Every structure is written in structure tokens, then in C-alpha cells.
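Residue 710 is where the sequence shown starts when you use our numbering, and the numbers rise one by one after that.
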Amino acid sequence: MAKWMKILIIVSVITFVLIGGGLYFLKQFFSAFAPPKIEITKVYISTDRDFINGVTIEKIRVDSFGEKGYPVKYTAFYTTSCNIQHPKNKPPNPPSKIKFDKIGKYTWDEDTVTVEHIHKGLSRESKSSSDKLWWLNKYGEHPTCPLNFETEQWYFFTIGDPQVTGIFFFIDKEGEEHQYYLTSGVSPI
């Protein structure tokens with residue numbers, strides 16, 4: 710093989726590696742601005758990131774629906790929270806999955822509440838006083854989720870990520886699961 714051909718191959722390979730590496734870096738950089746991908750079933754919740762602040766599930770009674778088919782005015786009457794036990798001196802290891810019926814590196818607590826909410830645009834506002842929202846009387850510590858998902862019942866998940874207002878979850882009478890993901894419009898930086 711001629712010397713110029715070897716040089717051309719080497720330059721081509723280096724150029725390909727630099728362009729490919731640059732495109733990969735840009736993809737990773739801009740994906741950090743996207744909200745996390747969340748999947749909810751009646752068995753688990755998973756994300757492509759980590760549930761750093763845990764997960765809260767509210768069982769809700771719907772007063773009215775919006776144009777997009779999910780609740781816009783409702784009352785939460787039961788809540789359960791998953792508290793993650795992160796490893797000490799190590800960063801979290803995404804992706805993360807919480808199985809509702811399996812023991813893991815998390816515990817669950819629960820509370821009965823009466824908190825009315827209204828969705829306006831990208832935000833969720835409470836009609837109740839703040840003392841009822843932040844100082845809930847949590848009771849019980851459970852190794853698995855104390856909530857059993859019911860058909861034709863709405864649930865609202867919050868994951869503690871500023872980019873996500875929350876996720877509505879509904880199981881219809883045929884057993885099909887529906888998920889309505891609400892981004893907050895907040896930038897992660």
C-alpha cells in the first residue's frame with residue numbers, strides 16, 4: 710500500500726473518531742436539559758435518571774378534567790411516599806427502578822389527607838393551607854408500597870425533580886394503564 714494511502718486512512722479514522730466523539734458529547738450534553746423519562750406500571754416506577762428525592766403517590770378524587778383528558782381539579786385523600794436509602798459516599802447509580810411489591814433500598818410511609826389541587830398551565834397549585842401540605846402526619850414504615858392500585862382510580866405521582874410537575878396514572882376497566890406526564894418547563898441549570 711502506498712504511503713499516501715496509509716496517511717489518508719489514518720487521517721480519515723482520526724477525523725471519524727473526532728466527529729463521532731463530538732456528536733456523542735453534544736447528544737449527552739443536550740439530553741441533560743430534557744426531563745427524565747419515567748415509566749409507571751402497577752408493578753413498578755422507573756426512570757433513566759435517579760429518584761434522588763424519592764417518589765410520592767397521591768390517590769385522588771377528580772372534580773374536573775382538562776382538554777387533554779387528565780384531571781385539572783382534584784382532591785388528594787391518601788398519600789404514600791417512598792424514601793430512598795442512598796449509598797454513603799457514592800453517587801446514585803441510574804437508571805432507577807422502584808418495585809411496589811418488592812423489598813428494596815427504600816421504605817414507605819403513608820398518610821390520609823384532604824388537599825385540593827388545581828392545575829394551571831404547567832403548574833399545580835394547592836387550595837389548602839400550607840400547614841396541611843408540608844407537615845403531614847406520616848405514619849407507619851413499610852418495606853413495600855402500602856398502596857394497591859385499583860381500576861378506574863386516578864393517582865398523581867411526584868418525583869422531586871424540578872423539571873416534572875408530576876405524572877397522572879390511571880388504570881381503566883379493561884386493565885389498560887394510562888400515564889399523563891406533565892413537564893414543569895423549568896430548566897435544570
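Backbone N, C-alpha and C fix where the C-beta goes; we use that ideal spot for every residue, glycine too.
Bear in mind that the values here come from a model prediction, so they are computed numbers and not experimental data.
Backbone secondary structure at residue 853 - three-state DSSP:
In the sequence shown, residue 853 corresponds to position 144, counting from 1. Coil, per DSSP.
Under the three-state reduction of DSSP, which class applies to residue 892: helix, strand or coil?
In the sequence shown, the residue the question calls residue 892 occupies position 183. Looking at residue 892 - three-state DSSP - the assignment turns out to be strand.
Nearest-angstrom Cα separation, counted from residue 764 out to residue 852:
Numbered from its first residue, the sequence shown carries residue 852 at position 143. Numbered from its first residue, the sequence shown carries residue 764 at position 55. The straight-line gap from Cα to Cα measures roughly 14 Å.
Where does residue 863 land, buried or exposed, given buried means 16+ other C-beta within 10 angstroms?
What you label residue 863 is simply residue 154 of the sequence shown in a count that begins at 1. Around the Cβ of residue 863, a 10 Å sphere holds 16 or more other Cβ atoms; the residue is buried.
Which runs of the beta strand (DSSP E) fall wholly inside the stretch 770 to 837 and span at least 3 residues, in chain order?
780 to 793, 805 to 808, 815 to 829, 832 to 835
From the DSSP output, read off the bridge partner residues of residue 873.
Locating residue 873 in the sequence shown gives position 164, where the first residue counts as 1. According to DSSP, residue 873 bridges with 892.
For residue 886, which beta-bridge partners are listed by DSSP?
On the sequence shown, residue 886 is found 177 positions in, with the first residue counted as 1. DSSP output for residue 886 lists 880 as bridge partner(s).
If you compare alpha carbons, which of 874, 752, 770 is closest to residue 854?
Locating residue 854 in the sequence shown gives position 145, counting from the first residue. Checking every option, the nearest Cα to that of residue 854 belongs to 752.
Please classify residue 819 as buried or exposed, where buried requires at least 16 neighbouring CB atoms within 10 angstroms.
On the sequence shown, position 110 is the one that residue 819 refers to. Result: buried.
Top-ranked residue by Cα proximity to residue 891, from 837, 885, 878:
Within the sequence shown, residue 891 is the residue found at index 182, counting from 1. When only C-alpha atoms are compared, the closest one is 878.
Residue 755 and residue 805 look like a contact to me (Cβ under 8 Å); what is the Cβ gap, rounded to whole Å?
In the sequence shown, residue 755 corresponds to position 46, counting from 1. In the sequence shown, residue 805 corresponds to position 96, counting from 1. About 7 Å separates the two Cβ atoms, so the contact holds.
Counting C-beta neighbours from all protein chains within 10 Å, is the total for residue 780 16 or more, i.e. buried, or is it exposed?
Along the sequence shown, one-based indexing puts residue 780 at 71. That one is buried.
Inter-residue spacing [alpha-carbon to alpha-carbon] between residue 844 and residue 872
For the purposes of this step, residue 844 is identified with residue 135 of the sequence shown, where counting begins at 1. For the purposes of this step, residue 872 is identified with residue 163 of the sequence shown, where counting begins at 1. Low confidence applies to residue 844: its pLDDT is 47, below 50, so where it sits in the model is not reliable enough to give any reading.
Do you know offhand how far residue 716's Cα is from residue 793's?
Here residue 716 refers to the residue found at position 7 of the sequence shown. Here residue 793 refers to the residue found at position 84 of the sequence shown. So the alpha carbons of these two residues sit roughly 55 Å apart.
Sort 777, 728, 850, 830 by Cα distance to residue 812 and report the nearest one.
Translated into the one-based positions of the sequence shown, residue 812 becomes position 103. The shortest Cα separation from residue 812 among 777, 728, 850, 830 belongs to 850.
Which of the three DSSP states is assigned to residue 867 in this structure?
In the sequence shown, the residue the question calls residue 867 occupies position 158. In the structure shown, residue 867 sits in a strand (DSSP, three-state: E or B).
Three-state secondary structure (DSSP) at residue 752?
Here residue 752 is taken as the residue at index 43 of the sequence shown, counted from 1. If DSSP states are grouped into helix, strand and coil, residue 752 belongs with coil.
What is the DSSP secondary structure of residue 860, reduced to helix, strand or coil?
Along the sequence shown, one-based indexing puts residue 860 at 151. DSSP places residue 860 in coil when its eight states are reduced to three.
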